[in-house]
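Take a look at the structure set out below.
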Amino acid sequence: MRVVVVGGGILGLATARLLATSRPEDEVVVLEKEDGLARHQTGHNSGVVHAGLYYAPGSLKARLCTRGRELMQAFCADKDVAYDACGKVVVATRETEVGRLRRLAQRAETNGVPGLRWLEAAELAQVEPHVTGVAGLHSPHTAIVDFVAVAGAMAADVRAAGGEIRTGVSVARITQNGSGPRIELHSGETVGADRVVVCAGLHSDRLARASGEDAEPRIVPFRGEYFALAPGRTHLVKGLIYPVPDPTLPFLGVHLTRKFDGSVWLGPNAVLATALEGYRRSAVVWRELMETLTWPGTRRMMRRHWRAGVGELYRSARKRAFISELQRYVPELEVADAVPAPSGVRAQAVDRDGSLVDDFRLGVSDRVVWVRNAPTPAATSSLAIAEELVSRVIG
Ligand SMILES: Cc1cc2nc3c(=O)[nH]c(=O)nc-3n(C[C@H](O)[C@H](O)[C@H](O)COP(=O)(O)OP(=O)(O)OC[C@H]3O[C@@H](n4cnc5c(N)ncnc54)[C@H](O)[C@@H]3O)c2cc1C
14 MRVVVVGGGI LGLATARLLA TSRPEDEVVV LEKEDGLARH QTGHNSGVVH
64 AGLYYAPGSL KARLCTRGRE LMQAFCADKD VAYDACGKVV VATRETEVGR
114 LRRLAQRAET NGVPGLRWLE AAELAQVEPH VTGVAGLHSP HTAIVDFVAV
164 AGAMAADVRA AGGEIRTGVS VARITQNGSG PRIELHSGET VGADRVVVCA
214 GLHSDRLARA SGEDAEPRIV PFRGEYFALA PGRTHLVKGL IYPVPDPTLP
264 FLGVHLTRKF DGSVWLGPNA VLATALEGYR RSAVVWRELM ETLTWPGTRR
314 MMRRHWRAGV GELYRSARKR AFISELQRYV PELEVADAVP APSGVRAQAV
364 DRDGSLVDDF RLGVSDRVVW VRNAPTPAAT SSLAIAEELV SRVIG
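So the sequence shown is numbered by the numbering used here: it starts at 14 and just counts up by one.
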């Protein structure tokens with residue numbers, strides 16, 4: 014069997030690795046449009062291995078994040094990829110947030126998150142000396158990792174097992190007829206396959222539409238902007254510090270994240286991106302922007318979440334407002350402590366009624382499996398999502 018995986022991000026590579034290592038009789042080929050791997054979401058994220066606190070019990074996210082974290086830790090140990098279980102604290106800064114934090118703690122328990130500890134105000138400083146709040150939830154097994162290094166180790170396994178990774182190869186559409194899927198490239202070339210797995214991230218809906226699949230959900234790109242703490246101020250953060258999230262949104266709120274190089278990142282916020290791969294505010298691709306804005310689902314989403322959207326835009330335009338959000342739980346932080354850092358763009362699926370798709374969405378159409386929504390914590394869950402995709406495509 015020849016299985017083609019579209020997309021050389023962490024999901025495509027995890028899937029190709031599982032196929033190549035567990036089914037040595039099959040031919041596995043990865044097609045990636047960029048000249049290198051992990052250039053988009055996989056290479057522009059917070060690098061947090063989530064423990065599974067947030068996700069609705071019984072959802073794919075809850076199940077695959079828990080298993081994915083275990084697999085990720087074991088994979089990193091096996092491949093010598095640095096992995097640091099530095100732990101995370103979610104901080105309630107107002108009495109009104111305590112009820113939401115308690116519900117989050119219950120949900121995390123239901124999801125089987127290990128080692129959870131409720132922190133009273135006075136106990137917060139034991140975990141994060143510079144944090145203040147009225148209560149906290151500590152998750153000691155939440156970790157940090159470099160997902161680009163993980164993706165590189167996955168790619169090495171694919172090649173070692175005889176799989177092929179082709180970069181600079183852009184897929185235009187996938188058609189299916191009696192003789193199996195045909196992959197048409199933008200170059201005009203056609204690639205044959207017995208099975209296809211599509212992990213095209215920000216382009217997943219466009220590729221599906223071009224291939225005659227369901228036009229929805231659509232991907233709406235949300236840029237996540239970061240600042241970094243100035244080197245002399247990184248002592249303010251030991252591990253990972255998060256706010257209590259807004260339960261109506263799939264984003265976790267601006268947080269403070271320690272990285273392996275000792276730096277600390279602040280963010281990301283979530284503003285509508287003006288291009289699918291628009292990492293800078295000035296990056297505008299009018300065709301993509303108009304496609305997003307004229308679609309009824311985007312307009313309904315904006316109507317539903319206009320208050321949150323305006324807040325995000327304000328914090329994006331004013332550094333002081335961005336930092337004051339973080340000063341709620343790290344009061345010593347000053348505006349001058351933050352320097353701009355690179356952004357990422359999230360591929361967030363939105364349904365026609367304007368709802369932000371919360372769970373992972375994976376679709377099967379005959380011999381092709383489509384990843385239609387894989388936002389956070391999909392990098393954490395990648396090895397478990399790969400198991401799910403392989404079982405759906407091979408049967
Ligand atoms: C700001 C931000 C913070 C995040 N933080 C975290 C976090 O801390 N922890 C976590 O678990 N997750 C996090 N995530 C989510 C995580 O990064 C993604 O869920 C994950 O990387 C998705 O992987 P992917 O392989 O689906 O997508 P991608 O990494 O985007 O890969 C898709 C690939 O497909 C390729 N492609 C697209 N179209 C075509 C085509 N037509 N032909 C060929 N190739 C194509 C692209 O070039 C790309 O390389 C974050 C995401 C963002 C943006």
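Where is the CB? At the ideal position from N, CA and C, for every residue including glycine.
Being a predicted model, the structure only gives us computed values, none of them experimental.
Residues near residue i by beta carbon distance below 7 Å, same chain, minus five either side
i	result
leucine 396	Ala27, Gly81, Leu84, Met85 and Phe88
threonine 55	Gly22, Ile23, Phe160, Val161, Ala164 and Ala392
glutamate 401	Leu77 and Leu375
valine 182	Leu44, Glu45, Lys46 and Leu198
asparagine 282	Gly237, Glu238, Val267, Glu325, Arg328, Ser329 and Phe335
glutamine 340	Leu346
serine 394	Leu77, Cys78 and Gly81
arginine 246	Asp350
Ligand 1 heavy atom lying under 6 Å from the CB of residue i
i	result
glutamine 54	yes
proline 281	yes
glutamate 47	yes
isoleucine 178	no
isoleucine 23	yes
proline 388	yes
arginine 359	yes
valine 19	yes
serine 183	yes
cysteine 89	no
alanine 411	Nothing about residue 411 can be reported from this structure: the residues present for the chain run from 14 to 408 only.
serine 378	no
cysteine 212	yes
asparagine 58	yes
threonine 188	no
threonine 392	Reading off the sequence shown, one finds alanine at residue 392, where the question assumed threonine. Indeed, a heavy atom of ligand 1 lies less than 6 Å from the Cβ.
histidine 268	no
glycine 367	no
histidine 216	yes
glycine 100	no
glycine 225	no
valine 61	yes
glycine 237	yes
leucine 289	no
leucine 220	yes
leucine 44	yes
Residue range of the unbroken alpha helix (DSSP H) whose run includes residue i
i	result
leucine 306	299-307
threonine 393	Where threonine 393 is concerned, there is no enclosing alpha helix (DSSP H), given that its DSSP letter is neither H nor E.
glutamine 340	332-340
threonine 109	108-123
glycine 165	160-173
leucine 129	Looking at the DSSP string, leucine 129 is not in any alpha helix (DSSP H), and its letter there is neither H nor E.
leucine 137	137-140
Boundaries (first-last residue) of the beta strand (DSSP E) holding residue i
i	result
serine 356	351-363
serine 152	148-152
valine 204	203-205
valine 16	15-19
threonine 180	177-180
arginine 385	381-386
alanine 185	184-190
leucine 198	193-198
valine 377	374-378
leucine 253	253-256
8 Å CB neighbourhood of residue i in its chain, flanking five on each side removed
i	result
alanine 69	Ala75, Arg120, Asp371 and Asp372
arginine 7	Because residue 7 is not part of the residues shown, which for the chain are 14 to 408, the question remains open.
cysteine 99	Thr155, Ala156, Ile157, Lys251, Gly252, Leu253 and Arg271
threonine 305	Arg231, Val233, Pro234, Leu285 and Thr311
valine 209	Val16, Val17, Val18, Val19, Ile187, Pro194, Ile196, Arg380, Val381, Val382 and Val406
glycine 125	Gly65 and Thr79
valine 348	Lys332, Arg333 and Ile336
Own chain, CB closer than 6 Å to residue i, minus 5 neighbours either side, in chain order
i	result
arginine 15	Glu40, Ala206 and Asp207
tyrosine 292	Ser356
arginine 30	Met167, Asp170 and Val171
valine 4	Nothing can be reported for residue 4, as the shown portion of the chain is limited to 14 through 408.
valine 342	The question names valine, but residue 342 is tyrosine in the sequence shown. Excluding residues within five positions, the ones whose Cβ falls inside 6 Å are Val104, Thr106, Val144 and Gly146.
threonine 188	Arg195
valine 298	Ala288
Within the segment 31-105, note down every full alpha helix (DSSP H) run reaching 4 residues or more, in order along the chain. 73-92
Quick check for students: name the residue ranges of the beta strand (DSSP E) that lie wholly in the segment 264-294, counting only runs of 3 or more. 268-271 and 277-280
Every unbroken alpha helix (DSSP H) within the segment 202-237, with a cutoff of 4 residues, ordered by chain: 217-223
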